[in-house]
Amino acid sequence: MLVRVNTAHRHPIDGHLAAVAGDRAFCSAFRYRRGTEIFGEGEDAEYVYQINSGAVRTYKLLPDGRRQINAFHLPGDMFGFENNETHRFTAEAIVETDVRIMTRSNLLGAMPNQATGPQHLIGFVTQNLQHAENHMLLLGRKTSLEKVAAFLLEMDDRLAHPTVMDLPMTRRDIADYLGLTLETVSRALSILRDDQVLRFDGTTQRRLEVLDRDRLSKLDA
């Protein structure tokens, strides 16, 4: 579902889209409300998306109704580019999210005009593959505390913040990303707080500050 935020005029692009298609290419701007589906699993992969602000989760629903989140997409990230004609995952806005979108055909059509376009596209695909491999290792071979530590380090690297991280995702989202229960995630965060590895800012566990990154990194080693 697309919710246009303004009249139909084109916007210049930047970031990953510009690196692949060239900074003279144009895209459209859309806004998705919190919880809005951006595309569904099995739908035509007609568009490629880049987040301007907000956050997106991509996931699969298992036959028994459980949800497995495979990735969180944050400002600057490009997502929705598939090697087939349909989407493998469902994408939803975690919070109100502004995106730039470009049709897949326009992106691929503009790429030959950008000297480094193919190189950047290969880099983007390789980065996604590396993330998938790391996520598979995280799900299969790490303890619950190690999983939460790895997640916090990932967010600490990816979220722009001076000291306090404002996580856009809920604990349920984190649990479904790490293959844990909600209670296990909460318990792991409390252990890290009690061990003075992190502190919560406010009454929720969504705003936090990493106090001892070295100890957090050792848990993820």
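Each number in this note's numbering comes from the position in the sequence shown (counting from 1) with 3 added on.
All residues carry an ideal CB built from backbone N, CA and C; glycine is no exception.
Extent of the continuous alpha helix (DSSP H) to which residue i belongs
| i | result |
| --- | --- |
| Ile194 | 185-197 |
| Ala154 | Looking at the sequence shown, residue 154 is not Ala but Phe. Residues 147-161. |
| Ile177 | 174-181 |
Residue i and residue j closer than 8 Å at C-beta
| i | j | result |
| --- | --- | --- |
| Glu95 | Arg60 | yes |
| Phe42 | Ile104 | no |
| Gly83 | Tyr50 | yes |
| Ala178 | Val167 | no |
| Leu214 | Leu201 | yes |
| Lys145 | Ala135 | no |
| Arg161 | Leu219 | no |
Limits of the beta strand (DSSP E) - the one that residue i falls within
| i | result |
| --- | --- |
| Asp223 | Premise fails: Asp223 lies in the alpha helix (DSSP H), 216-223, not in any beta strand (DSSP E). |
| Val59 | 59-64 |
| Val200 | Note, Val200: premise wrong, no beta strand (DSSP E); not H, not E. |
| His54 | Looking at the sequence provided, one finds Ile at residue 54 rather than His. That run of the beta strand (DSSP E) goes 50-56. |
| Phe42 | 40-42 |
| Glu233 | No information on residue 233 is available, as it lies outside the stretch 4 to 224 that the chain covers here. |
Closest by C-alpha distance to residue i, when choosing among the options
| i | options | result |
| --- | --- | --- |
| Gln133 | Asn73, Leu148, Arg175 | Asn73 |
| Asp101 | Leu214, Arg144, Ile54 | Ile54 |
| Asn86 | Ala48, Arg144, Gln71, Leu140 | Ala48 |
| Phe75 | Leu195, Leu110, Thr93, Leu65 | Thr93 |
| Ile125 | Thr206, Arg216, Leu111 | Leu111 |
| Arg175 | Arg218, Asp217, Tyr62 | Tyr62 |
| Cys30 | Arg107, Asp217, Leu155, Asp67 | Arg107 |
Which residues DSSP lists as bridging residue i, in chain order
| i | result |
| --- | --- |
| Asp169 | Arg210 |
| Gln71 | Lys63 |
| Ile104 | Ser31, Tyr52 |
| Phe82 | Tyr52 |
| His138 | Bridge partners of His138: none, in fact. |
| Asp204 | In the DSSP output, where bridge partners are listed per residue, Asp204 has none listed. |
| Thr89 | Asp47 |
| His76 | Val59 |
Proximal residues to residue i (C-beta, below 6 Å), its chain only, five neighbours per side dropped
| i | result |
| --- | --- |
| Asp169 | Arg210 |
| Leu142 | Gly182 |
| Asp45 | The displayed chain sequence assigns Gly, not Asp, to residue 45. So the list reads Thr89, once near-sequence residues are dropped. |
| Tyr52 | Phe82, Gly83, Val102, Ile104 |
| Leu195 | Leu201 |
| Asp217 | none |
| Arg91 | none |
Same chain only: Cβ atoms within 7 Å of residue i, ignoring 5 sequence neighbours per side
| i | result |
| --- | --- |
| Val98 | Arg37, Gly57, Ala58, Pro171 |
| Leu192 | Val151, Gln208 |
| Leu64 | Arg70 |
| Leu148 | Ala191, Ile194, Leu222 |
| Met158 | Met168, Leu170 |
Proximal residues to residue i (C-beta, below 8 Å), its chain only, five neighbours per side dropped
| i | result |
| --- | --- |
| Asp204 | Val167, Arg210, Leu211, Glu212 |
| Val6 | Below a pLDDT of 50, predicted positions are generally treated as unreliable, and Val6, at 46, falls in that range; no measurement from the model is reported. |
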